[in-house]
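Residue numbers (the numbering used here), protein chains in the order written: chain A, 10 to 485; chain B, 402 to 496.
#1: Quick check on the DSSP output: the alpha helix (DSSP H) that includes residue 352 of chain A runs from which residue to which?
#2: Cutting at 8 Å between CB atoms, please list the residues of its own chain near residue 423 of chain A, excluding the five before and the five after it.
#3: Taking only three categories from DSSP, how would you classify residue 486 of chain A?
#4: Strictly below 7 Å CB to CB, what residues from chain B border residue 334 of chain A?
#5: At a CB-CB cut-off below 7 Å, which residues of chain A make contact with residue 476 of chain B?
#6: If I measure Cβ to Cβ from residue 116 of chain A and keep anything under 7 Å in the same chain, skipping five residues before and after, which residues do I get?
#7: Should residue 82 of chain A and residue 124 of chain A be called a contact, given that it needs their Cβ atoms to be closer than 8 Å?
#8: Do the segment 126-139 of chain A and the segment 92-101 of chain A meet, that is, are 3 or more Cβ pairs less than 8 Å apart?
#9: Could you check whether the Cβ of residue 456 of chain B sits closer than 8 Å to any Cβ belonging to chain D?
#10: Compare the C-beta of residue 430 of chain B against all C-beta atoms of chain A and say whether one is closer than 8 Å.
#11: Tell me whether residue 265 of chain A sits in a helix, a strand or coil according to DSSP, three-state version.
#12: Do the segment 410-426 of chain A and the segment 275-287 of chain A meet, that is, are 3 or more Cβ pairs less than 8 Å apart?
#13: State the start and end residues of the unbroken beta strand (DSSP E) segment that holds residue 458 of chain B.
#14: Using beta-carbon positions only, say whether residue 229 of chain A and residue 408 of chain A come within less than 8 Å of one another.
#15: What are the boundary residues of the beta strand (DSSP E) that residue 197 of chain A is part of?
#16: Please list, in chain order, the residues of the segment 296-320 of chain A that have any C-beta partner in chain B closer than 8 Å.
#17: At a CB-CB cut-off below 8 Å, which residues of chain A make contact with residue 451 of chain B?
#18: Using the three-state DSSP reduction, which class does residue 301 of chain A fall into: helix, strand or coil?
#19: Against chain B, with Cβ distances strictly below 8 Å, would residue 206 of chain A count as a contact?
#20: For residue 286 of chain A and residue 348 of chain A, what's the separation of their Cα atoms in angstroms?
#21: Could you check whether residue 326 of chain A and residue 425 of chain B sit closer than 8 Å to each other, using their CB atoms as the reference points?
#22: Between residue 445 of chain B and residue 373 of chain A, which are expected to be in contact by the criterion C-beta below 8 Å, what is the C-beta distance as a whole number of angstroms?
#23: Could you check if residue 365 of chain A belongs to the surroundings of the ligand NAD, using beta carbon to heavy atom distance under 7 Å?
#24: Quick one: list the residues of chain A neighbouring residue 468 of chain B, beta-carbon separation under 7 Å, in chain order.
#25: Tell me the residue span of the beta strand (DSSP E) that contains residue 127 of chain A.
#26: Against residue 425 of chain B, what residues of chain A qualify as contacts under a CB-to-CB distance less than 8 Å, listed in chain order?
#27: In the DSSP assignment, find the unbroken alpha helix (DSSP H) run with residue 236 of chain A in it and report its ends.
#28: Can you pull the chain B residues whose beta carbon is under 8 Å from the beta carbon of residue 340 of chain A, in chain order?
#29: Does chain B have any CB closer than 8 Å to the CB of residue 371 of chain A?
#30: How should residue 119 of chain A be labelled, buried or exposed, when 16 other C-beta atoms within 10 angstroms of its C-beta is the threshold for buried?
#31: Beta-carbon within less than 6 Å of residue 324 of chain A's beta-carbon, same chain only, minus the 5 sequence neighbours each way: which residues are those?
#32: Between which two residues does the beta strand (DSSP E) carrying residue 466 of chain A extend?
#33: Starting from residue 85 of chain A, follow the alpha helix (DSSP H) in both directions and report where the run begins and ends.
#34: Could you have a look at residue 377 of chain A and say whether DSSP puts it in helix, strand or coil?
#35: Taking CB distances under 8 Å as the criterion, tell me whether residue 105 of chain A reaches chain B.
#36: Show which residues of chain B have a CB atom less than 9 Å away from the CB atom of residue 355 of chain A.
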């Protein structure tokens, strides 16, 4: 079967009878089986997906199918799907079965999408390489000795290796975009509050966004159109109307736009040379087309990452206090009293990185240090947001690399946590300020590893962001 | 050195975590490294800046107080590691 780059091509072939939903599911199940070594799926819902496909094929015959008939979707292991396992790739949720579905999942199912399985990730979405999973490493399909990125590493590989058409991931500091760039696929983090977080296992609630990974911008636009918007179960969701993203995907190249890049993100010696070249080529192309591309200063650049880590560890320490061995998941068998039960359950159940972040968060929230770290970081966060908004008063988009390098080899960051943090240096700004950003493929390096280009836009400008991205992918 | 053995013990207790000696030494090392790196923020002048607390710009999202079904008792207990017919069970607390 063809590797369909767009879902519209799948729908055409479904309509003409060239394929059926069932044959599509069978094809992806055999792909998943043949790519088992990549360690992408933690659960595969084979029988269920096949049964559902037969039903949808009936609907197609009667012309009563939903808009996502034939769409095969994988869910990162942080998104609840009723009566299916969920573990956030952590031992502490051993045996947990979701008792409800995330709002996003409900909306996908209502349009006849098929959920094919649950995807590996970094434990509680904390990590940049997918090496922090209780279920082992996920391999990059372009080179199996390299990481897929993280934390939605497996979700990106699933698209790269054509194991499903769309992956639903989560992006707290780049977790959808950075793996998308390492795997040569498209990954969108929407504006904070554009999508409901109901049914997303929380990491850092004021940063967490559900994001979409796909092969094409048009597929992502379709998913966004269906899942975005108000939700009774998440009062932080924006009440703004959701645009018809799929109908406005054409970028008007005659209307000249202004694009900024933060000088230090590209004119930087630490940036892998091929990435610099690839991005400079895009900039040259845009200038040839008559658009303005200019370097801007952003003096707060170096404090974005520490601000992010202070606030996310604080929020994580609070969010993860619910895993106590009482209500669900793993409970240590080695405890004799209640306090020991909490401590042993958490110490045995959580992995190294998660414990480190809980400890840091507990520290920055502790009485004597609260103002010096936590409040200070909230103030700097406001400054970063204001300065970023100032750029968007004058420019339509900000271009940057997605990461300082292409996908590194396994074990590259195992000794120094700050080295791993630095992998997020270009992606966290969008989460710190709450704006949308996308990663699109931008060529390959000398070892044939994919390079990603990040484009960030102002609040709720997903429509323009997607049409511009689609244009760049197709024309440059 | 912001974190020493004593502060690590206190923070670990607050977070309900336990560390063995070797693990504790590594944690102290990493936390000090990270906290020192975080201190870069002190170079930013934040006089008269209000902390940014909410990222969503929705204000006072209210709805009618309608009674709707929520997670049932049975479903709520389903994932419990130890339970009886009505309650989660934990080690004895009262002597």
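Even for Gly, the Cβ is constructed at its ideal location relative to N, Cα and C.
For clarity, every value in this text was computed on a predicted model and none was experimentally measured.
Let me spell this out:
#1: 347-358
#2: When the five nearest sequence neighbours on each side are left out, the beta carbons in the same chain lying within less than 8 Å of the beta carbon of residue 423 of chain A are those of 140, in order along the chain.
#3: Missing from the structure shown is residue 486 of chain A; chain A here goes from 10 to 485 and no further.
#4: 482
#5: 108
#6: 235, 236
#7: yes
#8: yes
#9: This model lacks chain D altogether; the protein chains it does include are A and B.
#10: no
#11: If DSSP states are grouped into helix, strand and coil, residue 265 of chain A belongs with coil.
#12: With a cut-off of 8 Å, the segment 275-287 of chain A and the segment 410-426 of chain A count as touching, because enough Cβ pairs lie within range.
#13: Premise fails: residue 458 of chain B is in no beta strand (DSSP E) and is neither H nor E.
#14: no
#15: DSSP places residue 197 of chain A in the uninterrupted beta strand (DSSP E) bounded by 195-198.
#16: 309, 311, 312, 315, 316, 318, 319
#17: Result: 388, 391.
#18: strand
#19: no
#20: 56 Å
#21: no
#22: At roughly 16 Å, the Cβ-Cβ gap does not stay under 8 Å, so residue 445 of chain B and residue 373 of chain A are not in contact.
#23: Absence of the ligand NAD is noted for the structure shown, with no ligands found whatsoever.
#24: Near residue 468 of chain B there are no residues of chain A at all, since even the closest Cβ is about 14 Å away, more than 7 Å.
#25: For residue 127 of chain A, the enclosing beta strand (DSSP E) begins and ends at 123-128.
#26: The premise fails here: residue 425 of chain B is roughly 10 Å from chain A at the closest Cβ pair, so nothing lies under 8 Å.
#27: 226-236
#28: 482, 483
#29: yes
#30: exposed
#31: 213, 214
#32: 459-466
#33: Run containing residue 85 of chain A: none in the alpha helix (DSSP H); it sits in the beta strand (DSSP E), 81-85.
#34: coil
#35: yes
#36: Near residue 355 of chain A (Cβ distances below 9 Å), the residues of chain B are 416, 417, 418, 419.
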